[in-house]
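Read through the structure below, which is laid out as C-alpha cells, and then see the notes.
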Amino acid sequence: MFTSQYPIDRQDPLRNDESALKKLWRDPDARVLPVHQGRCLITEPATQTAHLNWLPVQEPWQFSDAIFLGTTGDTPWFTINLSDAELGTLALPAGAKFRDLRAIGMRINHDDGALLIYAKGLTHWHSTTHYCSRCAAALENTQGGHVKRCSNTDCAALEFPRTDPAVIMLVTRTDEDGVERCLLGRSPVWPAGMYSTLAGFVESGESLQQAVIREVHEEAGIVVNNVQYMTSQPWPFPRSIMLGFRAEALTSKITLDEVELEDAQWFSRDDLNRFGPWGDANSKYQLPRVDSIAYFLLEQWRSGTHRY
Ligand SMILES: [Zn+2]
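Counted the way the working numbering counts, the sequence shown spans residues 39 to 346.
Here it is, written out as C-alpha cells:
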C-alpha cells in the first residue's frame, strides 16, 4: 500500500502565496509530472522497480495550468495535464510511457505510488471541473491548483477537490467447529477466480460504521457488529478513499445481492493459504492485488498480525 509515509511536504501555506509559487515554477530545479488522460509518465525497466518521470518546466506549459504538489528540500514538484496536441510535441525520456496506476501499481515503489495517486486525483479534478456548480460561470485556478474560484465576481464560489469515502471490510466469524473464517465475494466483472473483501460507498447522512453494517447485509445478507477501523488507502478511480475495517459476523447464512456479487463464501486461513496470487489463471481461487487495501486486510488476518 502507498499510504504509510508521505514522500514530500505538501506546503499548504505556500498555496496562498502566488508570487512565491510563480518563483518556484521558474526555479531551474522545479520538476513536473506530466499526466495524460489519467496516466502518468513512467519508466518501467524490465528487471527493476518502475518509477515516475519528472521533467523540467518547458514550453508551452503555463503556470496557470500547473498544480503545485509540494517540495522536498529545495526541489519544487508540480503536475500538469497534457492535451493531445502537447503529447505529440513532448520529447519523452528514453523508455518513458504514460501508464495507469492499475497497470504499474504492483511494480512501483511506495513513494512514487503515493505521488502518482496525488497527481492522478488532482489532474482528474482539473480535467472534469470547469464550471461553477452554483451559477455555471467558468472557474479559475487558485491556491496552486488546489482550489477553483468562480469567475463571476457576484458569486465567487470556491470549489474544492472531492474525495468520495468508500468502506471496505474484512468480516470474520468463528464457526461451531472452532475454525475462524472470513467472508469474501466476487464481482462478475473481476478476473475469473478472484475473491476479495466486500466494499461499498458511504451514503449521505451515514456513519462509516453504519455503512459497513449496511453494505455487508445488502451484499451478502450477513449481520455484523464490532466494526473496527484498520487503515485507509486513497483510490483515485476517480476520487475515492477506501476506509478499511474489520467486523464480526453474527450470522453465517449468505444471501447474495446478485447485482453486486456473483458469489460469496466463507474461507478459513488454510483455505486462503491455497489461494493463488492475483492473475494466476491456474488457481481456482485468487487473492486480490498485493497493492490493494483488500490484500492488506486479508493478509493481516491470515498471518495473525491482528486479532480481536
Ligand atoms: Zn459561480
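Note that beta-carbon positions come from the ideal geometry of N, C-alpha and C, so glycine has one too. Every value quoted in this text rests on a predicted model; they were computed, and no experiment measured them.
Pairwise C-alpha distance: residue j and residue i
{"i": "Leu139", "j": "Arg77", "result": "7 Å"}
{"i": "Asp47", "j": "Leu128", "result": "28 Å"}
{"i": "His168", "j": "Val254", "result": "37 Å"}
{"i": "Ser121", "j": "Ala104", "result": "13 Å"}
{"i": "Leu208", "j": "Glu82", "result": "33 Å"}
{"i": "Pro276", "j": "Glu286", "result": "30 Å"}
{"i": "Tyr44", "j": "Asn54", "result": "22 Å"}
{"i": "Lys186", "j": "Ala132", "result": "35 Å"}
{"i": "Gln266", "j": "Gly282", "result": "9 Å"}
{"i": "Val17", "j": "Leu246", "result": "The question about residue 17 has no answer, for the chain in this structure spans 39 to 346."}
{"i": "Asp150", "j": "Ala58", "result": "25 Å"}
{"i": "Tyr333", "j": "Leu153", "result": "21 Å"}
{"i": "Thr109", "j": "Gly231", "result": "43 Å"}
{"i": "Gln49", "j": "Ala141", "result": "30 Å"}
{"i": "Ser189", "j": "Lys60", "result": "21 Å"}
Beta-carbon gap between residue i and residue j smaller than 9 Å
{"i": "Ser234", "j": "Arg219", "result": "no"}
{"i": "Phe106", "j": "Leu52", "result": "yes"}
{"i": "Ala88", "j": "Asn147", "result": "yes"}
{"i": "Val70", "j": "Trp99", "result": "yes"}
{"i": "Gly238", "j": "Glu298", "result": "yes"}
{"i": "Trp316", "j": "Pro226", "result": "no"}
{"i": "Leu222", "j": "Ala302", "result": "yes"}
Cβ-based neighbour list, residue i, same chain, cut-off 8 Å, excluding 5 preceding and 5 following
{"i": "Ile279", "result": "Thr201, Asp202, Pro203, Ala204, Ser270, Gln271, Pro272 and Trp273"}
Backbone secondary structure at residue i - three-state DSSP
{"i": "Lys61", "result": "helix"}
{"i": "Gly126", "result": "helix"}
{"i": "Leu336", "result": "helix"}
{"i": "Ala152", "result": "helix"}
{"i": "Trp163", "result": "helix"}
{"i": "Ser330", "result": "coil"}
{"i": "Lys291", "result": "coil"}
{"i": "Asp50", "result": "helix"}
Cβ shell of residue i (< 6 Å), same chain only, five flanking positions each side left out
{"i": "Thr166", "result": "none"}
{"i": "Ser330", "result": "none"}
{"i": "Gly314", "result": "Ser321 and Gln324"}
{"i": "Gly143", "result": "Asp329"}
{"i": "Asn347", "result": "The first residue shown for the chain is 39 and the last is 346, placing residue 347 beyond what the model contains."}
Spatial neighbours of residue i in its chain, beta-carbon cut-off 7 Å, leaving aside the 5 residues before and after
{"i": "Leu212", "result": "One point to set straight first is that residue 212 is Thr, not Leu, in the sequence displayed. The answer, listed in chain order, is Glu218."}
{"i": "Val95", "result": "Trp63, Ala68 and Val70"}
Cβ pair count under 8 Å reaching 3, the region 183 to 200 against the region 283 to 298: Counting C-beta pairs with one atom in each stretch, the region 183 to 200 and the region 283 to 298 have fewer than three that are closer than 8 Å, which means they do not touch.
Three or more C-beta pairs below 8 Å linking the region 153 to 161 and the region 103 to 117: yes
Inter-stretch contact at 8 Å, needing at least 3 Cβ pairs: the region 310 to 319 / the region 251 to 262: no
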